[in-house]
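Those protein sequence lines, which keep their order, are chains A and B. The opening residue of the first sequence carries number 1 in full-length UniProt numbering; numbering runs sequentially from there. The opening residue of the second sequence carries number 1 in full-length UniProt numbering; numbering runs sequentially from there. Every residue gets a Cβ at the ideal spot worked out from N, C-alpha and C, and that includes glycine. Since this is a predicted model, take the numbers as computed values, not measurements. Everything below concerns the one structure shown next.
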Amino acid sequence: MIRNRFSLVAAAAALSLGLSACGNGGGGEGDGGDAGAPIKIGIIADLTGATGDVGTPYNEGMLAYIDHRNADGGIDGHKIEALSNDYAYEVPKAEQLYKQYVNDGVVAIQGWGTGDSEALRTKVANDELPFMSGSFAEVLADPEESPYNFVVAPTYSDQMRVALNWINEDSGGTGEVAVFHHDSPFGEAPVADGQAWVEEKGYDLGYQAYAMPGGSANYVGLLSQAKSQGAKYVVIQNVASPAAQVAKDIKDQGLDMKVVCLNWCGNELFITTAGADAAEGHLLIQPFAPVTSEKPGHETIAAYLEDKGESIDDKGAAWVQGWSVMDVMAQGIAKVLDDGDEVTGPALREALETMGPIDTEGLIGDGTVEFSADSHRGSTSTGVYQSEGGQMVEVEAGARP
Amino acid sequence: MAATATGIHHRSYTSELRLRATKAEYFRLGLTLALLVVVPFVLDNYWLSIVNTILIAVIGAVGLNILVGYTGQISLGQGGFLAVGAYTSAILTERYGVPVLLSVVAAVVATAAIGIFFGLPGLRLKGLYLAIATLASQVIIEFVVRRDPGGFLTEGAGYIDVARLNILGWQVERSTFEQQWYLILAIITVLAVVAARNLFRTGLGRSFMAVRDQDIAAEAIGVNLTRAKLTAFAVSSGYVGLAGALIAHYTEIVSWERFTLDVSITYLAMIIVGGLGSIAGAVYGAIFMSLLPVLIRTAAQQWGDAVPVLKDQLPAVQNALFGAVIIAFLIFEPRGLARLWQRAKDYVRYWPFRY
Chain A
1 MIRNRFSLVA AAAALSLGLS ACGNGGGGEG DGGDAGAPIK IGIIADLTGA TGDVGTPYNE
61 GMLAYIDHRN ADGGIDGHKI EALSNDYAYE VPKAEQLYKQ YVNDGVVAIQ GWGTGDSEAL
121 RTKVANDELP FMSGSFAEVL ADPEESPYNF VVAPTYSDQM RVALNWINED SGGTGEVAVF
181 HHDSPFGEAP VADGQAWVEE KGYDLGYQAY AMPGGSANYV GLLSQAKSQG AKYVVIQNVA
241 SPAAQVAKDI KDQGLDMKVV CLNWCGNELF ITTAGADAAE GHLLIQPFAP VTSEKPGHET
301 IAAYLEDKGE SIDDKGAAWV QGWSVMDVMA QGIAKVLDDG DEVTGPALRE ALETMGPIDT
361 EGLIGDGTVE FSADSHRGST STGVYQSEGG QMVEVEAGAR P
Chain B
1 MAATATGIHH RSYTSELRLR ATKAEYFRLG LTLALLVVVP FVLDNYWLSI VNTILIAVIG
61 AVGLNILVGY TGQISLGQGG FLAVGAYTSA ILTERYGVPV LLSVVAAVVA TAAIGIFFGL
121 PGLRLKGLYL AIATLASQVI IEFVVRRDPG GFLTEGAGYI DVARLNILGW QVERSTFEQQ
181 WYLILAIITV LAVVAARNLF RTGLGRSFMA VRDQDIAAEA IGVNLTRAKL TAFAVSSGYV
241 GLAGALIAHY TEIVSWERFT LDVSITYLAM IIVGGLGSIA GAVYGAIFMS LLPVLIRTAA
301 QQWGDAVPVL KDQLPAVQNA LFGAVIIAFL IFEPRGLARL WQRAKDYVRY WPFRY
């Protein structure tokens with residue numbers, strides 16, 4: 001009897017094991033050829049590091065876009081599954097996150113800084129993962145150097161060229177330019193190209209670069225160096241907070257200098273941090289349309305935020321930037337699905353290269369972004385704004401170098 | 001003082017000099033080797049990549065412990081020496097076409113030479129003064145690789161791309177990248193650890209320890225202080241240079257951002273937590289300090305929704321725990337993980353007696 005009972009229990013156990021094994025197998029097949037399977041995207045974000053002041057809204061914008069798109073049914077029925085983690089602007093942490101995302105089976109990556117985008121450049125090429133980031137360094141736009149990187153807006157170097165063209169005109173052809181830059185690959189990215197541009201165009205501009213020491217309470221020392229250079233223009237390639245400090249110091253010292261902020265400091269955060277007074281009259285090179293410029297693309301954002309009980313007026317250019325970059329990637333994914341292909345890295349890359357102009361509804365540069373197999377520079381046009389009465393006022397739309 | 005194994009009788013000097021005497025020790029050695037063999041088969045690529053970075057950190061930590069733990073010199077220049085190794089190997093391979101094996105050897109030699117140079121103040125300075133002098137080496141080397149005067153190092157690009165590892169025509173494959181690197185790194189690390197372990201059974205290694213314990217007495221018994229200190233700097237930097245060269249070829253890109261003062265501090269933390277003056281301690285410390293941030297991040301991803309601060313302030317939490325761990329070890333067990341492990345073993349061996 002006991003033996004019988006034992007064998008019954010054993011048989012039941014074996015049966016249930018066997019059934020559960022079958023169940024697993026059946027479940028896997030039962031998914032039905034990936035219909036509606038989520039599309040995984042890895043996001044490497046700086047929320048608390050050296051560039052966290054603009055990195056945080058950029059990340060929020062990106063996640064908001066994904067939320068909006070998913071609420072709208074996703075891309076062709078596929079939800080976007082975003083894995084987003086803070087790497088605090090440290091390259092080794094970015095590499096670890098990257099490897100984790102690859103292991104988790106993402107099809108594309110949204111990165112952030114120049115140093116880490118450059119460090120991951122060869123890896124994304126090897127792993128065939130399209131990579132967009134908050135870095136617009138020139139090397140990332142060249143498919144020969146970085147075959148899987150895409151730069152959706154004009155590169156830092158293009159922005160610098162636009163800035164120098166403007167300075168040349170504003171100064172009547174003879175000005176002194178001091179370039180204050182973040183002490184990192186991000187900061188140094190456009191410096192040499194700017195110098196080359198001055199020579200190429202034959203501008204009679206003095207040009208000198210200064211690294212901005214991190215964590216400085218003020219930049220009076222740097223400004224006095226610029227003053228002895230005779231600089232009337234200070235081009236800043238840094239994030240908003242330190243650039244705002246420079247603007248404050250210029251005002252406090254009573255210096256006659258005009259700040260020209262590129263991308264990451266050319267935003268509302270620069271104006272609010274410096275104060276409308278100290279920011280007054282400074283120039284902002286910003287490829288991503290700030291909310292005040294009221295482009296058609298802002299309407300979607302406004303409607304989404306209103307649903308959430310928020311207002312678009314509280315969001316700056318960096319937020320819009322995150323939203324727009326994610327939008328470009330999503331449009332590429334939509335193209336892959338439209339073509340009836342499976343969403344993979346190589347398929348997304350090909351879609352982005354061949355799909356022609358991508359409409360950003362005025363949010364990036366002159367509104368369209370276009371990649372090709374020869375160039376991953378999405379756009380060369382940028383808006384030029386001036387800080388007037390605490391607002392970003394458009395001086396020129398779609399300026400090109 | 002660690003309890004010595006009672007009941008073990010040696011019949012010859014050779015037997016007494018053996019690294020391992022008891023069966024338990026051989027058993028643990030076998031277990032470790034088995035673990036090393038099994039690891040690439042059970043871990044996925046992500047965790048294997050973490051193991052690979054740990055293996056490199058082990059080499060660096062062992063190198064630093066030779067200098068700090070065994071010779072009593074202090075070095076805050078670890079990040080800089082790693083950079084010397086990485087840049088030397090990368091430049092030789094990429095620009096001058098030197099085979100990887102030779103360029104790695106050259107990196108070890110070059111870093112040892114730079115180590116000797118920056119070790120010179122150690123002949124006159126001790127303790128805090130030496131710490132600040134070696135801090136200068138970190139600052140100077142970091143300044144050079146960061147500013148790259150004349151564009152010699154990176155030819156103006158700011159970084160050096162390193163081609164996929166290719167040894168005598170055999171190239172690491174993309175699909176099994178982590179597995180193949182694991183094999184290479186595991187072999188090199190085991191060799192490096194065994195070499196370091198044996199170093200302290202030689203006259204040279206003992207002279208290092210004599211310098212650490214009491215340099216005047218060491219000199220009185222015939223230790224050449226100058227030679228001992230500079231050799232310690234050379235050997236230690238050589239190890240660090242090897243780790244740097246491996247970082248260059250493993251990560252396939254060299255840029256200054258990876259070799260900052262933070263790295264020097266992390267390595268010091270590794271040997272403090274692991275145990276100063278213990279090769280095993282350096283290994284434990286490297287494993288522990290490399291895994292800590294990864295585990296915290298994994299925890300944050302698991303429980304981030306329940307404890308939002310963990311996820312929102314992750315890097316801050318990681319830094320805070322990093323500091324807390326060092327403080328805890330300095331208070332509760334200054335001799336680190338190695339000593340904790342020793343005590344655990346003693347407890348088992350002498351149970352039910354306390355000693």
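- In the DSSP assignment, A:C261 forms a beta bridge with A:I236 and A:L284.
- In the three-state reduction of the DSSP assignment, A:Y203 falls in the coil class.
- Ranking B:L135, B:L48, B:V104 and B:A34 by CA distance to the CA of B:L268 puts B:L135 first.
- Under DSSP, the beta-bridge partners assigned to A:H181 are A:A211 and A:Q237.
- The Cβ atoms of B:A217 and B:A228 do not sit closer than 9 Å to each other.
- The region 354-368 of chain A makes no contact with the region 125-145 of chain A: fewer than 3 CB pairs, one atom from each, lie closer than 8 Å.
- Within chain B, no residue has its beta carbon less than 8 Å from that of A:Q225; the closest one is some 16 Å off.
- Only T251, E252, I253, S255, E257 and R258 from the region 230-261 of chain B bring a Cβ to less than 8 Å from some Cβ of chain A.
- Shown here, A:G378 sits in coil according to DSSP, grouped into three states, outside any helix or strand.
- Within the region 58-116 of chain A, the complete alpha helix (DSSP H) runs of at least 4 residues fall at 91-103.
- A:D339 is bridged by DSSP to nothing; it lacks a bridge partner.
- Nearest in C-alpha terms to A:D72, of all of A:T300, A:N218, A:V260 and A:T272, is A:T300.
- The alpha carbon of B:V38 has as its nearest neighbour, out of B:Q179, B:A328, B:D312 and B:F329, the alpha carbon of B:Q179.
- DSSP, reduced to helix, strand and coil, places A:D359 within a strand of the structure shown.
- Taking the Cα positions, A:R121 is about 29 Å away from A:G398.
- Against chain B, a Cβ distance below 9 Å from A:G134 picks out nothing, because the smallest value is about 16 Å.
- At a cut-off of 9 Å between beta-carbon atoms, A:T272 makes no contact with chain B.
- Here A:D116 really is in contact with A:V91; their C-beta atoms are around 5 Å apart, less than 8 Å.
- Neighbours of B:V145 in chain A, taken as residues at a C-beta separation under 7 Å, are lacking, since the least C-beta distance is about 12 Å.
- Pairing B:S103 with B:L92 gives a Cβ-Cβ distance under 9 Å.
- Short of 8 Å from the beta carbon of A:L129, and not among the five residues preceding or following it, lie these beta carbons of its own chain, in chain order: V102, V106, V107, A108, I109, Y148 and G345.
- By the Cβ-count criterion, A:A317 is buried, with 16 or more other Cβ atoms from all chains shown falling within 10 Å of its own Cβ.
- When Cβ-Cβ separations below 9 Å define contact, A:Q100 makes contact with chain B.
- Within 10 angstroms of the beta-carbon of B:A107 lie 16 or more other beta-carbons, which makes it buried.
- A distance below 9 Å separates the beta carbons of A:D53 and A:A240.
- The CB of A:Q96 comes closer than 9 Å to the CB of Y46, S49, I50, T53, P293, V294 and R297 in chain B, given here in chain order.
- A contact between stretches requires three or more CB pairs, one per stretch, nearer than 8 Å, and the region 49-65 of chain B meets this requirement with the region 277-290 of chain B.
- Of all residues in the region 191-207 of chain A, the ones placed with a Cβ closer than 9 Å to any Cβ belonging to chain B are A192, in chain order.
- A:H181 counts as buried, since no fewer than 16 other beta carbons sit within 10 angstroms of its beta carbon.
- Among the residues of chain A, those whose CB is under 9 Å from the CB of B:R174 are N126 and D127, following chain order.
- The beta carbon of A:K232 is closer than 7 Å to those of S171, G175, E176, D256, M257 and K258 in its chain, skipping five residues each way along the sequence.
- For B:Q313, the chain A residues whose C-beta falls within less than 9 Å of its own C-beta are L47, T48 and D86, listed in chain order.
- Taking the CA atoms as reference points, A:E60 sits about 43 Å from B:G275.
- B:S255 has B:Y159 as its beta-bridge partners, per DSSP.
- Annotated three-state conformation of A:W319 is helix, per DSSP.
- By the neighbour-count criterion, in which 16 or more other beta carbons inside 10 Å mark a residue as buried, A:A88 falls on the buried side.
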